[in-house]
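See below for the structure under consideration.
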Amino acid sequence: MMSKKNVAKILKAPRGTEDVLPGDWQLWRAVEETAREVFELAGYYEIRTPVFEDTNLFVRSIGEVTDIVEKEMYTFKDGDSSGITLRPESTASVMRAYVEYEIYKTKKFQKFYYIGPMFRKERPQAGRLRQFHQMGIEAIGADDPMLDAEAIIVAMRMYDKLGLPGCKVKINSIGCKECRPGYREVLKEQLIKNSENLCELCNTRMNRNVLRVLDCKNEKCKEVTAVVPDIREHICECCKSSFDGLIDILSASNIGYVIEPHLVRGLDYYTKTVFEITHPSLGARDTICAGGRYDYLVSDIGGPETGAVGFAAGIEASMLALKNSMSEMSDSTKQRLFDIKEPAPDVYIVSIGSECRRASFLLTNSLRGEGISVDMDYEDRSPKAQMRTANKLKVNFVAVIGQDEIDNGTVKLKNMQTSDENVLEKAKVAEFIKKLLLNK
Ligand SMILES: [Zn+2]
Ligand SMILES: [Zn+2]
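Going by this note's numbering, the sequence shown opens with residue 66, and the numbers climb by one from there.
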């Protein structure tokens, strides 16, 4: 028996992180594969950027006085550099690549998608993840509001294909450099009159990022902002025509939407269109996808002046919405998303005695080379125990290798459905199995 002091302390995954264990992968794969399929169908191509970037990239793009940059970034000193940061989101990284490699020189208009982990120092006790995953698209190089509509439609098509009922689209315009400063002033004027009714955070936001007061979840703040002027009465002609263009296309495409005048984003780089897709099963934090247009981002990080639009969908939030909606799903959707299929080989190789295991291993690998799924015992168990495993796995064939088979260069193959047994030349086993599997 092991003495107590020799037992190593079990190390745990860091707070705010999750493992995808063998029983969990099916939903992950279904979500990711559906996203890829839908994104590629709309002409978006995959881009993979590093999980860490120069800290300045996020400070310049997301904005210095945002929650993300002020409180939530994992930033490290790295030698003499100004510091690196684990990416809190991917849009800035995609834009950085677009600018750094001058991708716009060959073709200004480009469409990309990404799927991967993001990192924010969230409070884990609130059930929030510090490593979470997003899948998103970016269309760079055009101002056309049809692209804003495309982003929303692509996201909705993804949820539709996944079989998620009940998604809601919320849209708003937050104006541009021309018109937003004017609205900020109007808003500030109104809010200052009621500052004693606003929460502490909103009082600091008033001077730094006044639009964020609009989406404060505090009930008292909501009462104050319920009566402030609507931003759409203050946006310029250019922003207005862009928003009208978006609405026209969404309506013509039969996408239901709600105009939500208090919808703003926590990142500075947004302009004109912002949108969110929410799911009612998620309670207070019901956003599963968020995006919008960011027409200054590319030029802000040193590229040409050009429009861009995109979204990021939260994989964990989307999966939670899917799990919550199981009772409304068809059986085939449920099966596709949740029925875990254990890896099940077609053939199991049973060795009669330890000295035959080498030959079994070589047969296993040669059959795999022929594209047949095969497994064998690696624990040197008795033939009886090996047969039990074969039965449990419900394999189609058991191949028996004993000393006779090794001496004669043969394999005894048992068809588990018909109980037929055949002694076959080793070289002919693969062909024999493939023929039967095809006719199954
Ligand atoms: Zn404007
Ligand atoms: Zn507030």
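We put the CB at the ideal spot given by N, CA and C, even for glycine.
- In terms of Cβ geometry, LYS235 and VAL293 do not form a close pair [threshold 7 Å].
- Of the residues assessed, TYR163 falls on the buried side of the cut-off, its CB having 16 or more other CB atoms within 10 angstroms.
- Of all alpha-carbon atoms in ALA455, VAL488, LYS459, ASN461, the one lying nearest the alpha-carbon of GLY467 is that of VAL488.
- When Cβ pairs closer than 8 Å are counted between the two stretches, the stretch 104-120 is seen to touch the stretch 173-184, the count reaching three or more.
- In the structure shown, ASN237 falls within a strand segment according to DSSP collapsed to helix, strand and coil.
- Using a Cβ distance threshold of 7 Å, ILE300 and SER238 count as a contacting pair.
- VAL363 sits away from MET138, with the two beta carbons spaced by 7 Å or more.
- Segment contact: the stretch 241-250 against the stretch 296-311, three or more CB-CB distances shorter than 8 Å; contact assigned.
- In the DSSP annotation of this structure, GLU420 is not part of any alpha helix (DSSP H), being labelled neither H nor E.
- When GLU298, VAL465, GLU265, SER146 are compared, the shortest CA-CA separation from LYS282 is found for GLU265.
- Less than 7 Å separates the beta-carbon of TYR334 from that of SER126.
- When the five nearest sequence neighbours on each side are left out, the beta carbons in the same chain lying within less than 7 Å of the beta carbon of CYS421 are those of ILE466, GLY467, GLN468, ILE471, in order along the chain.
- Between the alpha carbons of GLN451 and MET441 lies a distance of about 8 Å.
- Under a 10 Å Cβ-count criterion, ASP445 is classified as exposed, with fewer than 16 other Cβ atoms of the shown protein chains found around its own Cβ.
- At least one heavy atom of ligand 1 falls within 6 Å of the beta-carbon of GLU243.
- Ranked by how close their Cα comes to the Cα of SER419, the residues VAL72, LYS406, TYR443, GLU490 have TYR443 in first place.
- At least one heavy atom of ligand 2 lies closer than 6 Å to the C-beta of CYS264.
- Take the alpha-carbon of SER484 and the one of SER431: they are about 24 Å apart.
- Within its own chain, the residues whose Cβ lies closer than 7 Å to the Cβ of ARG222, once the five positions on either side in sequence are excluded, are VAL103, listed in chain order.
- Within the same chain, Cβ atoms closer than 6 Å to the Cβ of VAL439 are found at PRO410, VAL412, THR429, LEU432, ARG433, the five residues on either side in sequence being excluded.
- A residue is called buried when at least 16 other Cβ atoms come within 10 angstroms of its Cβ; PRO189 does not meet this threshold and is exposed.
- Boundaries for THR483: no beta strand (DSSP E) harbours it, and the DSSP string shows neither H nor E there.
- In this structure, the beta-carbon distance from ALA378 to TYR359 does not fall below 7 Å.
- In this structure ALA464 touches ILE414 by the C-beta definition: roughly 5 Å separates them, less than 8 Å.
- It is roughly 13 Å from the alpha-carbon of THR343 to the alpha-carbon of MET384.
- Residues TYR139, LEU151, ARG152, PRO153, ARG195, GLN196 of the same chain have their beta carbon placed closer than 7 Å to that of PHE184, with the five preceding and five following residues left out of the count.
- Ranked by how close their Cα comes to the Cα of THR338, the residues CYS354, ASN274, ALA214, ARG453 have ALA214 in first place.
- When secondary structure is reduced to three states using DSSP, MET138 falls in the coil class, being assigned neither helix nor strand.
- Secondary structure note for CYS354: its beta strand (DSSP E) is the uninterrupted segment 352-358.
- Scanning its chain for C-beta atoms nearer than 6 Å, with the 5 sequence neighbours on each side dropped, one finds no residue around GLU298.
- For GLU341, the uninterrupted beta strand (DSSP E) segment begins and ends at 336-343.
- According to the DSSP secondary-structure assignment, LEU478 is paired through a beta bridge with ALA464, ASN487.
- Under DSSP, no beta-bridge partner is assigned to ASP132.
- Rounded to the nearest angstrom, the gap between the Cα atoms of ALA107 and LEU311 is 18 Å.
- In this structure, LYS499 sits away from GLY474, with a CB-CB distance that is not shorter than 7 Å.
- When Cβ pairs closer than 8 Å are counted between the two stretches, the stretch 198-217 is seen not to touch the stretch 391-407, the count staying below three.
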